[in-house]
Every structure is written in C-alpha cells, then in structure tokens.
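A.B. asks: Numbering (the numbering used here), first residue to last: 266 to 441.
#1: Quick one: grab the DSSP three-state call for residue 436.
#2: Classify residue 393 as buried or exposed, calling it buried when 16 or more other Cβ atoms lie within 10 Å of its own Cβ.
#3: Mind checking whether residue 425 and residue 386 have CB atoms under 8 Å apart?
#4: Between the C-alpha atoms of residue 358 and residue 269, what's the straight-line distance to the nearest angstrom?
#5: State the CB to CB distance for the pair residue 384 and residue 428, rounded to an integer number of angstroms; the pair is presumed to be in contact (CB under 8 Å).
#6: Considering only the beta carbon of each residue, do residue 356 and residue 376 sit closer than 8 Å?
#7: Decide if the stretch 342–352 is in contact with the stretch 402–410; the criterion is three or more beta carbon pairs, one per stretch, under 8 Å apart.
#8: What are the start and end residues of each continuous alpha helix (DSSP H) run of 4 or more residues lying completely inside the stretch 295–332, in chain order?
#9: Cα separation between residue 421 and residue 343?
#10: Tell me whether residue 427 sits in a helix, a strand or coil according to DSSP, three-state version.
#11: How would you call residue 284, buried or exposed, if buried means at least 16 neighbouring beta carbons within 10 angstroms?
#12: Please list, in chain order, all residues of the same chain as residue 335 whose beta carbon is under 8 Å from its beta carbon, the five residues on each side excluded.
#13: Distance, Cα to Cα, residue 333 vs residue 401?
#14: What does the Cβ neighbour count give for residue 363, buried or exposed, with the cut at 16 atoms within 10 Å?
#15: Just the Cα atoms here: how many angstroms apart are residue 273 and residue 374?
#16: From which residue to which residue does the alpha helix (DSSP H) around residue 371 run?
#17: List the DSSP bridge partners of residue 363.
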C-alpha cells in the first residue's frame with residue numbers, strides 16, 4: 266500500500282472529517298473525545314487551521330493512501346519559531362495500526378521540522394497506559410523527560426526530541 270505524508274489543504278476536509286468520524290470511538294478510548302461541537306463546526310475549524318498553517322503557526326500533516334483516504338495525522342502545534350520548538354501530536358486510524366505508519370509519519374515530520382520549518386526541539390505527551398503511542402515516540406528517537414498531568418487530569422509522560430542530532434538520547438539514557 267502506498268502512503269504519502271502531505272500538508273493539510275482545504276480540499277482535504279471531507280476525507281479528514283470521514284477519518285475523524287470513523288475512528289471517533291477508537292480515539293476516545295485513548296485520548297479525550299473531541300466532542301460533538303468539533304464535528305458540527307468541522308468545516309470552519311478546518312479553514313482556520315489551514316490559515317494558521319499558512320501563517321506558520323502550526324504544521325498539520327496527513328497520511329493518505331493512493332485513493333486519498335486519510336489513514337492518520339501528524340501535527341505540530343504551539344510552534345515557536347524563535348525558540349525553535351513545537352509540540353507533536355498524532356493519531357492513526359484503527360484499521361491502519363500495527364504497520365509502522367505512525368512511526369514513519371512521526372520520523373518524517375521530525376525531519377521536516379528540522380529541515381523545512383527550522384525547529385530545534387519537539388515535545389510530546391502520552392497518557393500512562395497508551396503503550397502504542399509511547400512506543401512510537403521511542404522508536405522515533407524521543408526520550409522521556411518527566412511526569413505530567415494531561416488536560417483531562419490523567420497522568421502522563423512528557424517526551425522530547427532534540428532535532429540538533431542527539432535524537433533525545435541525552436535525556437533518555439537509551440540508544441534508541
């Protein structure tokens with residue numbers, strides 16, 4: 266199966282909305298649900314996100330198959346071009362899990378962050394018990410840097426990736 270990583274565009278809205286609807290229960294079992302308003306206001310929100318991306322405030326990417334179906338998303342939010350930092354988030358369709366797509370998507374976005382967006386450090390947070398997401402981060406070179414409390418009050422772990430070449434290993438003590 267051919268899968269491409271592409272930046273979001275306005276014309277991705279229908280496929281992205283289908284992805285979010287089809288996987289809503291799967292995602293909600295792992296992270297807080299986006300809520301009904303997210304779906305009701307999707308078109309306007311999507312336009313806002315594309316505009317924010319064009320302004321360099323965020324970098325949103327989709328993993329799409331040859332037919333244009335969205336299999337996942339890998340996003341950079343909280344982009345601070347002065348500090349050279351951003352927070353990574355990602356989600357994969359239930360049917361696309363277990364094939365290394367999340368890991369390859371995160372690695373490619375990290376490369377883009379360094380080479381195209383001029384970033385020097387990425388952060389990510391994972392709730393305790395979300396072993397699949399933790400494994401993706403570790404395989405992509407992120408190192409655990411400490412405990413955090415997520416927005417929903419759940420405990421989690423913060424991760425960092427130094428894009429300057431150390432791959433986060435100086436923080437994690439692992440050879441990734």
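A virtual CB, placed ideally from N, CA and C, is assigned to each residue, including glycine.
C.D. replies: With the given structure in hand:
#1: Unreliable positioning characterises residue 436 in this predicted model, as indicated by a pLDDT of 41, which lies under 50. The coordinate reading is nonetheless provided below. Helix.
#2: exposed
#3: yes
#4: 15 Å
#5: 6 Å
#6: no
#7: no
#8: 301–305 and 307–319
#9: 19 Å
#10: strand
#11: buried
#12: 277, 280, 281, 283, 284, 327, 328, 329 and 358
#13: 24 Å
#14: exposed
#15: 13 Å
#16: 366–380
#17: Looking at the DSSP assignment, residue 363 forms no beta bridge with any residue, so it has no partner.
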